[in-house]
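72 is the number of the first residue of the first sequence in my numbering; add one for each residue after it.
In this text, a Cβ means the ideal position worked out from N, Cα and C, and glycines have one as well.
Written out below as structure tokens is the structure these notes cover.
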Amino acid sequence: MLDIRLIREKPDFVTAGLSTRGDTGAAKAAVEQILECDRRRRALETEVQTLSAERNRLSKEIGGRKAKGEDISEAAAEVRILGDKIAALNHDAAKADEEQRELLLATPNLPHADCPRGTSAEDNPVVRVWGEKPAFTFEPHSHIAIGERLGLLDFERAVKISGSAFAVYRGAGARLERALINFLLDLQTQENGYTEMGVPYLVKREALIGTTQLPKFADQQYRCADDDLFLAPTAEVPVTNLHREEILPIAQLPVRYVAYTPCFRREAGAAGVGTRGLIRMHQFDKVELVKISTPENSMAELEALTADAEKALQVLGLHYRTIELCCGDLGFGPTKTYDIEVWAPGQNSYLEVSSCSNFGDFQARRMNLRFKDAEGKNHFCHTLNGSGTALARLYVAILEAGQREDGSVHLPPALHPYFGASQIRLPD
RNA sequence: GGUGAGGUGGCUGAGUGGUCGAAAGCGGCGCUUUGCUAAAGCGCUGAGGGCGAAAGCUCUCCGGAGGUUCGAAUCCUCUCCUCACCGCCA
Numbered sequence: 072m073l074d075i076r077l078i079r080e081k082p083d084f085v086t087a088g089l090s091t092r093g094d095t096g097a098a099k100a101a102v103e104q105i106l107e108c109d110r111r112r113r114a115l116e117t118e119v120q121t122l123s124a125e126r127n128r129l130s131k132e133i134g135g136r137k138a139k140g141e142d143i144s145e146a147a148a149e150v151r152i153l154g155d156k157i158a159a160l161n162h163d164a165a166k167a168d169e170e171q172r173e174l175l176l177a178t179p180n181l182p183h184a185d186c187p188r189g190t191s192a193e194d195n196p197v198v199r200v201w202g203e204k205p206a207f208t209f210e211p212h213s214h215i216a217i218g219e220r221l222g223l224l225d226f227e228r229a230v231k232i233s234g235s236a237f238a239v240y241r242g243a244g245a246r247l248e249r250a251l252i253n254f255l256l257d258l259q260t261q262e263n264g265y266t267e268m269g270v271p272y273l274v275k276r277e278a279l280i281g282t283t284q285l286p287k288f289a290d291q292q293y294r295c296a297d298d299d300l301f302l303a304p305t306a307e308v309p310v311t312n313l314h315r316e317e318i319l320p321i322a323q324l325p326v327r328y329v330a331y332t333p334c335f336r337r338e339a340g341a342a343g344v345g346t347r348g349l350i351r352m353h354q355f356d357k358v359e360l361v362k363i364s365t366p367e368n369s370m371a372e373l374e375a376l377t378a379d380a381e382k383a384l385q386v387l388g389l390h391y392r393t394i395e396l397c398c399g400d401l402g403f404g405p406t407k408t409y410d411i412e413v414w415a416p417g418q419n420s421y422l423e424v425s426s427c428s429n430f431g432d433f434q435a436r437r438m439n440l441r442f443k444d445a446e447g448k449n450h451f452c453h454t455l456n457g458s459g460t461a462l463a464r465l466y467v468a469i470l471e472a473g474q475r476e477d478g479s480v481h482l483p484p485a486l487h488p489y490f491g492a493s494q495i496r497l498p499d
């Protein structure tokens, strides 16, 4: 959520910032609407408060007179009328306040000043490339063919029990998934200094508001209506919200958490849902990195977090590239984002396996997450997160990059101790 | 799910209708004393908002939402959470 004071004091700056996302007219209209609501709200609040001060004064007076045994019925009746007036105005003020909050919750974050200009994914600059595309002496197969041939994946039965865009992992295929989870968690905890967290997969509405999935993206969430609980679309939600409504001592920052969770996404309206394979699914596993930082350090923490996520691909020896999202392609909440894309030979394309973002104080304002500085003053934290990494697509890359002409898949050496073997081959 | 007891400031904990944003203690900060430390003494010490150039004035907040009242931390209703016991259960 944007700072209403910033909008009030520098409306042109905010409008310009929002405009970089693509729609200048919409940005202008949004800012004007918020400002109008803010003026109305403050006028009402000022009136309520003036009258409340008067009521407080009169009530005290009545108390004193009653103690002396005087008749207070006339004064009491007078204050009663004042009270009714306050209640009516207060109702309007609360409505304006709610309206303002809704407007602010629906307004995206300002892209960082350094964020590259552009309108779509084509404008995202590649900032790093690591490794090279592996060479094949044969036409590399898709993970679907590899997985079915080796008995690792069963999409038909997944459809039977849950519908399209779900997967069943079988035998060595299931073990490979589990090996990857353990490998990624160990890497981030033992080498990169993150604290592992195990968190609930069902979260409350407020948690989703805090990390910006609600109210705007309600149609993308799975919801358990009876309890008004939601299946977390990413560990970002439960993990970042761990400190919602807290004031952290500055010495505790930065907080660095890593968590494995399954992720649940309705993918309503998304292209490619309903096609087979692991690339876009309603449920997938992910190891997520979350940081809570001071404003001064958040950009440096983003670079470090992105490097931590990239490290996983480096250790696995997978070719990848890192791109930076341009203003027009940036998500609703982030002020700056790097995407990491791993090469999947069977797809002949790069797959996004990680999106590393700095949200500035955008999420922290929504969840009222603050820190206390050395002078004892409270400030909003900055929050960051990035996948470290998403599992299903990493799985795709490993199968497709490690495939051999004889149908076997050779696994990266770093996985051998986790998987318990160096390769997956056809049964004899 | 049932019954009972509770939810008050960073923490412990008083407060059952008026001058209570809230006693006291702990913790924290500052000052004095001190060779240093400790101890002691004194003072300060919640958050958010409105008006204002500022000084300052003022409003709201005692889990949450409603209600009663001139006036609510205090009374009433609902609700959430915590603890204990019972039931059920991986």
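- T305 sits close to C334, with the two beta carbons spaced by under 7 Å.
- Taking C-beta separations shorter than 6 Å and ignoring five residues to either side along the sequence, the partners of L319 in its chain run F442, following chain order.
- DSSP places E203 in the coil class of the three-state scheme, outside both helix and strand.
- Distance from the CA atom of R92 to the CA atom of D400, rounded to whole angstroms, is 7 Å.
- Under the criterion of beta carbons closer than 8 Å, I215 and R337 do not qualify as touching, at roughly 23 Å.
- Below 8 Å, enough C-beta pairs join the segment 457-466 and the segment 249-265 to call them touching: three or more.
- Considered as a whole, the segment 286-362 harbours 293-295, 300-302, 318-320, 326-335 as its complete beta strand (DSSP E) runs of no fewer than 3 residues, in chain order.
- Excluding sequence positions up to five before and after S364, its CB lies within less than 7 Å of the CB of L324, P325, E372, C452, H453, L455, all in the same chain and listed in chain order.
- N449 and D168 have their C-alpha atoms some 23 Å from each other.
- Just measuring C-alpha positions, the residue of C398, Y293, R151 sitting nearest T190 is C398.
- Secondary structure at V197: strand, using DSSP grouped into helix, strand and coil.
- The beta carbon of R436 sits closer than 6 Å to the beta carbons of M72, F451 from its chain, once the five residues preceding and following it are set aside; these are given in chain order.
- Counting of Cβ neighbours within 10 angstroms places P416 among the buried residues, the total reaching 16 or more.
- In its chain, beyond the 5 residues on either side, H214, I215, G218, A238, V239, Y240, R241, G244, L349 have a beta carbon closer than 8 Å to the beta carbon of L224.
- In the structure shown, the three-state DSSP call for N439 is coil.
- Distance from the Cα of E317 is smallest, within the candidate group P484, T117, L440, A296, for L440.
- With fewer than 16 neighbouring CB atoms inside 10 Å of its own CB, L77 falls in the exposed class.
- Boundaries of the beta strand (DSSP E) around E412: 407-415.
- In this structure, the beta-carbon distance from V413 to A468 falls below 7 Å.
- The residue from E132, G96, Y466 with its alpha-carbon nearest to that of F355 is Y466.
- DSSP places E141 outside any beta strand (DSSP E), giving it a letter other than H or E.
- Within the DSSP bridge table, the entry for V274 names F301 as partners.
- DSSP places Y391 in the uninterrupted beta strand (DSSP E) bounded by 391-395.
- With a threshold of 16 other beta carbon atoms within 10 Å, V197 falls short and is exposed.
- In this structure, E423 sits near D410, with a CB-CB distance shorter than 7 Å.
- Between the segment 197-211 and the segment 106-116 there are fewer than three inter-stretch CB-CB distances shorter than 8 Å, so the stretches are not counted as touching.
- Taken through DSSP and simplified to helix, strand or coil, E169 comes out as helix.
- Within the segment 440-489, the complete beta strand (DSSP E) segments at least 3 residues long are 441-443, 449-451, 453-461, listed from N- to C-terminus.
- L181 is the residue among G140, L181, V150, G134 whose C-alpha sits nearest the C-alpha of D94.
- In the displayed model, Q494 falls within a strand according to three-state DSSP.
- By a beta-carbon distance limit of 8 Å, A330 does not contact V308. Their separation comes to about 10 Å.
- Straight-line measurement puts the Cα of D74 at about 11 Å from the Cα of L176.
- The beta carbon of E132 sits closer than 8 Å to the beta carbons of A146 from its chain, once the five residues preceding and following it are set aside; these are given in chain order.
- Looking at the backbone, the Cα of E125 and that of D142 are separated by about 20 Å.
- Per DSSP, reduced to three states, the secondary structure at S233 is helical.
- Annotation for S90: the continuous alpha helix (DSSP H) segment containing it runs 82-90.
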